[in-house]
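Report on the structure given below.
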Amino acid sequence: MAENVSPIYQAQYGWDRRTTAVVAVSALFTVCLLIPGMPLYARILGLPLFGGGGLFMVYVAMSGKVAFRVDETGVLLGGSPARYEATTAHVPWGDITGVVLWYQAAGRATVPYAGVTRREGAPALPGDGPKSRAVLGHLASVPADVAISSRAVTGWRLDNERLISAVNHFAPGIPVREYPRP
1 MAENVSPIYQ AQYGWDRRTT AVVAVSALFT VCLLIPGMPL YARILGLPLF GGGGLFMVYV
61 AMSGKVAFRV DETGVLLGGS PARYEATTAH VPWGDITGVV LWYQAAGRAT VPYAGVTRRE
121 GAPALPGDGP KSRAVLGHLA SVPADVAISS RAVTGWRLDN ERLISAVNHF APGIPVREYP
181 RP
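Residues 1 to 182 in UniProt numbering are what the sequence shown spells out, letter by letter.
Here's what the structure looks like:
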């Protein structure tokens, strides 16, 4: 019997390789900082950084907040876990001209992104402004408009096939463009 799979695509913050590695390294450094004889300055600087950072990553992974969603209403761009409500944006299909999957070089690593291209005159999204556009114009490997309406695939997993299938189901005329890795 065939399984009834919803056409809705939803990715939530959770455990991925990068999150697991950051939490493990943070826990290791935190334990090392608690070894007797460790200098006080190392503890004062290291415990908030590694202990707090590790706990924050655990919070993000355990939050289950929506990172990216495609449904009949449009695309939900989940916000930063630290300021989720203020940075989450919903883009209705009427404002979307395409869905984009792209990559940004970050040192020796490459960070995948998922986002949308929007029609001219679409309402501003959180974080959109002249200063952020100027910075993104210099740093991002895509136009600032695309970078603003994208989310880094960190702390969640992207299933390209299911995403493309959901876009084709809910908005058959909207193209999905995949940029090559830099």
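Even for Gly, the Cβ is constructed at its ideal location relative to N, Cα and C. Note that the structure is predicted; figures quoted are calculated from it, not measured.
Could you tell me the boundaries of the alpha helix (DSSP H) in which residue i lies?
i: S165; result: 160-170
i: R177; result: Run containing R177: none in the alpha helix (DSSP H); it sits in the beta strand (DSSP E), 176-178.
i: S141; result: No alpha helix (DSSP H) contains S141, which DSSP labels as neither H nor E.
i: V43; result: Residue identity check: residue 43 is Arg in the sequence provided, not Val. Run containing R43: 40-46, per the alpha helix (DSSP H) assignment.
i: G37; result: No alpha helix (DSSP H) holds G37; DSSP gives it neither H nor E.
Residue range of the beta strand (DSSP E) that residue i falls in?
i: Y13; result: Unbroken run through Y13: none, as it is neither H nor E.
Count the other CB atoms within 10 Å of the CB of residue i; is the residue buried (16 or more) or exposed (fewer)?
i: T20; result: exposed
i: S150; result: buried
i: V31; result: exposed
i: S6; result: exposed
i: A61; result: buried
Rounded to whole angstroms, how far is the Cβ of residue i from the Cβ of residue j, which I believe are closer than 8 Å?
i: T117; j: G98; result: 4 Å
i: A171; j: W93; result: 5 Å
Who does residue i pair with in a DSSP beta bridge?
i: R151; result: A114
i: L76; result: R69, H90
i: I96; result: R118
i: W102; result: Y113
Nearer than 7 Å: is that true of the beta carbon of residue i relative to any heavy atom of the ligand MG?
i: V91; result: This structure lacks the ligand MG, and indeed carries no ligand of any kind.
Contact between the stretch 79-93 and the stretch 47-67 (3+ Cβ pairs under 8 Å): yes
Okay, do the stretch 132-141 and the stretch 33-50 touch, 3+ Cβ pairs below 8 Å being the bar? no
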